Amino acid sequence: MSADSIDFFIHVGHQPPRLVEARDDDLLEAVLWREGVALDADVHMIVGADDEEEGVDAEPLAPGLTVGGAGLKRHGHLHCQRCRRIQVSVNYQSRTEQETFSPTAPIRRVRRWAQKIFGLTGPAAGDFVLQLCGSDVDAGLQQRLAEFVRDHTCSACFDFSKEVTPQG
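Heads up: the sequence shown begins at 322 in our numbering, then just goes up one per residue.
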């Protein structure tokens, strides 16, 4: 990496994030084009930090900004998403609860909300994981909510289940 450039992560839809390098004065659209990310009128660019409260009030960026003008820092995160908000459904026992989150929200934040809404407290609350509805695929706490949205639905569904720990 050269002295006048920074590296940051690009998140596109449900793809894993990728690390890119750009100069502070590069246009975001040019960086994305170089990386093969197609932008259209339905895609929103959102800058986020790498912390668990990310995306709480994130607003989409205006077109024509540079990397520096967008506020991207070393190892920062640029999210390119079609959904400004994601409707999340969580099933637990015979109940289903819904809430709306930013696409940049980490699964940790969704799990914390589910623990609260379903009244799970204390050490036992940590034994529960979010799994994609109807599957045994666990959503990792560091993963972003947008990684679980398919087909431009702007929604995601999880089952709140007790984590199965193999006994050896």
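We treat Cβ as the ideally placed atom computed from N, Cα and C, and that holds for glycine.
Quick caveat: nothing in here was measured; it's all calculated off a predicted structure.
- Query: Tell me the DSSP bridge mates of G369?
  - Reply: By 1-based counting over the sequence shown, the position of residue 369 is 48. DSSP links G369 through a beta bridge to H398.
- With 16 other CB atoms within 10 Å as the buried threshold, where does L393 fall? Position 72 of the sequence shown holds residue 393. When all chains shown are included, L393 counts as buried.
- Query: What separation, rounded to the nearest whole angstrom, lies between the Cα atoms of R433 and E380?
  - Reply: By 1-based counting over the sequence shown, the position of residue 433 is 112. By 1-based counting over the sequence shown, the position of residue 380 is 59. Roughly 23 Å separates the two Cα atoms.
- With L348 and G385 assumed to form a contact (beta carbons below 8 Å), what rounded beta-carbon distance in angstroms separates them? Numbered from 1 along the sequence shown, position 27 holds the residue referred to as residue 348. Numbered from 1 along the sequence shown, position 64 holds the residue referred to as residue 385. With 8 Å as the limit, L348 and G385 qualify as a contact, their Cβ atoms being about 7 Å apart.
- Task: Within its chain, find whatever has a CB closer than 6 Å to the CB of I327; leave out the 5 residues flanking it on each side and keep chain order.
- Result: Counted from its first residue, the sequence shown places residue 327 at position 6. Here the set comprises R395.
- Message: Below 8 Å on the Cβ atoms is my contact criterion, and I expect R430 with C475 to pass it. Report the Cβ-Cβ distance as a whole number of Å.
- Response: Walking along the sequence shown from the start, residue 430 turns up at place 109. Walking along the sequence shown from the start, residue 475 turns up at place 154. Between C475 and R430 the Cβ distance is about 17 Å, and since that is not below 8 Å, they are no contact.
- Message: Do F422 and L451 count as a contact pair if the criterion is CB distance below 8 Å?
- Response: Along the sequence shown, read from residue 1 onward, the residue named residue 451 stands at position 130. Along the sequence shown, read from residue 1 onward, the residue named residue 422 stands at position 101. Not in contact: L451 and F422 (Cβ atoms no closer than 8 Å).
- Task: Measure the C-alpha to C-alpha separation of A477 and V409 and round it to an integer number of angstroms.
- Result: Translated into the one-based positions of the sequence shown, residue 477 becomes position 156. Translated into the one-based positions of the sequence shown, residue 409 becomes position 88. Cα-Cα distance, rounded: 5 Å.
- Message: Let me check one thing: in DSSP terms, what residues is D305 bridge-paired to?
- Response: Residue 305 falls outside the range modelled here, since the chain spans only 322 to 489, and no answer is possible.
- Query: Is any heavy atom of the ligand SAH found at a distance shorter than 7 Å from the C-beta of R355?
  - Reply: The ligand SAH is not part of the structure shown, which contains no ligands of any sort.
- Message: Quick check on the burial criterion: 16 or more other C-beta atoms within 10 angstroms. Buried or exposed for H473?
- Response: The count along the sequence shown starts at 1 and reaches residue 473 at position 152. H473 should be labelled exposed.
- Item | C-alpha gap between I367 and R471, whole angstroms | Position 46 of the sequence shown, counting from 1, holds the residue named residue 367. Position 150 of the sequence shown, counting from 1, holds the residue named residue 471. When rounded, the distance between both Cα atoms is 19 Å.
- Considering only the beta carbon of each residue, do R416 and D363 sit closer than 8 Å? Counting from 1 along the sequence shown, the entry for residue 416 is found at position 95. Counting from 1 along the sequence shown, the entry for residue 363 is found at position 42. Not in contact: R416 and D363 (Cβ atoms no closer than 8 Å).
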